[in-house]
Structures are given as C-alpha cells and as structure tokens.
Amino acid sequence: EIGGSARLVEYVFVGQRIAIIEDESDIVEMVRYNFRKEGFEVESYSRGREGFEALRRNPPDLLLLDIMLPDEDGLSVCRRLRADERLKSLPVVFLTARGEEVDRIIGLEIGADDYVVKPFSPRELVARVKAILRRQARPAEKGETIEIRGLRLDARTQDVLVRGRPVGLSALEFKLLHFLASHPRQIFSREQLLDEVWGRDCYVTLRTVDVHIRRLREKIEAQPDQPEYIGTVRGAGYRFLAEAERRES
Ligand code: CA
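Here it is in structure tokens:
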C-alpha cells in the first residue's frame, strides 16, 4: 500500500473533469462509461454553442470535441476557445470522422492537442487524454518558489505569505504544505504523506497527519472548515486543490 508509485500516478486523474461536445449519443455514453471507470467526471453537450457557453462558465480539465455538430462545427468552437482568455489553454482532443481534414486540425491554425479517428478504441482515447493531462500536471521542482492563488512559498527562506500576510509555519508544516502544493491535484494517502514528509523511519501514527493538516489549515485558510488550498478526499487522503475544485471540499 505504502508509496506505490503506480497507484500514485492513477490518483492524479481522480475528480478531473472531461467535457465532451458530441451529438452522437452512443459515443457520448461510451466516453462517459470509460472515463468514469478511471475516476474522471464527465459532462456532455450535444451542441457547439451550448457547449462553449458551459465551458466558459466552468472550464473543465480537457475537452473532447466532435467536428460535425448540428449548429456550430467543432473547428469553429476550437477557434473561439483559443481566442477566449479563460479557455485558451484548455487541452482539446478532436473526435474526427475518417476523411476529415486532420492536418488542419492539428496544425497551428486550430490549435488542438490531439485527435482520434472514429471509430476509436476507448482505451486508446483514455490513454491519450491521460498523457496530455500528465504533461500539464508536472510537479514543481524541489526547492522552487511556489505561488498559487495568493499563497507564496519560498523554499529557500521557508517564508510563507498568504495574500501578502506572513504566516509562521514550523519546518514540518512547511515541508507538508510545500509537498502538497508541488503536486497540485494529486491525492496522497496519509501513509504516503508520512513517507514523503516525515520520512520512512519516523514512527508516528496516521492521526499525526490529520493533526498537522488541521493546524496548517488554521494558519493558511481564511475558513479552515471550507478550505481553499488543502482539500480532504474522503476515504483517500488529502490534496492541494486546483482552482476549479474549491467547491468540492
Ligand atoms: Ca457529429
């Protein structure tokens, strides 16, 4: 159980949101089933315009985009995404029919990240999506200064600022927060945190992790019972929240 790196990689995807704009319900259902199985949340739209507006309100982590849609086609939706401040870096994977203009899709003009040709294997699509999300979720380098949503951690001086206000953390609290913030979104079990932060040879109980998380929240969160930075994942552990996830905890 402890520190299994293969399992750790999979944890990265739990709770990540995939949106699909596609008018063929069989494909939507297949995508929904296969991505949910892997821990993703899936939301679907059958029209280009409706989909675009929904993405703007609440950007997902990645978009699967059909080309032939009843109203606005996928290429046009993608162009609009790239021109939108909130959505311009949203990863997009096109679902294309054979014979569609693949060169244009993946070219600079449209700015898609990848594409699959229908009929595609769900397993391959899931693998490609995971590869794109993994590239995006590169952990911060050790010792790097981290700045996320008003939280600033300077690894050299161990200074911590929350919205410009200095916060005094113990060395252990700093290490715990820096570790979580270096791996945003990844869920760590209490065993893994003990291993990574306290060290393998340290014999403390799992409860110790909860106590330290509680103290950290009291110091850095405006409302410790509605944390903005450190989320609890029931039955699994803790993770540093990405911006779109604050509602979850
Ligand atoms: Ca279609």
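The sequence shown begins at 37 in this note's numbering and counts up by one. By construction, the Cβ of each residue, glycine as well, lies at the ideal position given by its N, Cα and C atoms.
{"Query": "Whole-Å CB distance - H214 paired with I182, under 8 angstroms assumed", "Result": "7 angstroms"}
{"Query": "CB contact flag (A272, I223, <8 angstroms)", "Result": "yes"}
{"Query": "Presumed contact (8 angstroms Cβ cut-off) between I5 and G84, rounded CB distance", "Result": "With the chain covering 37 to 285 only, the question about residue 5 has no answer from this structure."}
{"Query": "Short Cβ contact (8 angstroms threshold) for L161 with L126", "Result": "no"}
{"Query": "Reference R185; option with closest CA among K255, F71, Y265 and R226", "Result": "Y265"}
{"Query": "T132 (DSSP reduced to helix, strand or coil)", "Result": "strand"}
{"Query": "Where F276 sits in the DSSP three-state scheme", "Result": "strand"}
{"Query": "Through-space distance from V113 to S206, alpha-carbon basis", "Result": "49 angstroms"}
{"Query": "Cβ pair P106, R53 closer than 8 angstroms", "Result": "no"}
{"Query": "E65, buried or exposed, once every other Cβ within 10 Å from all chains shown has been counted against 16", "Result": "exposed"}
{"Query": "First through last residue of the alpha helix (DSSP H) which encompasses T244", "Result": "L242 to I256"}
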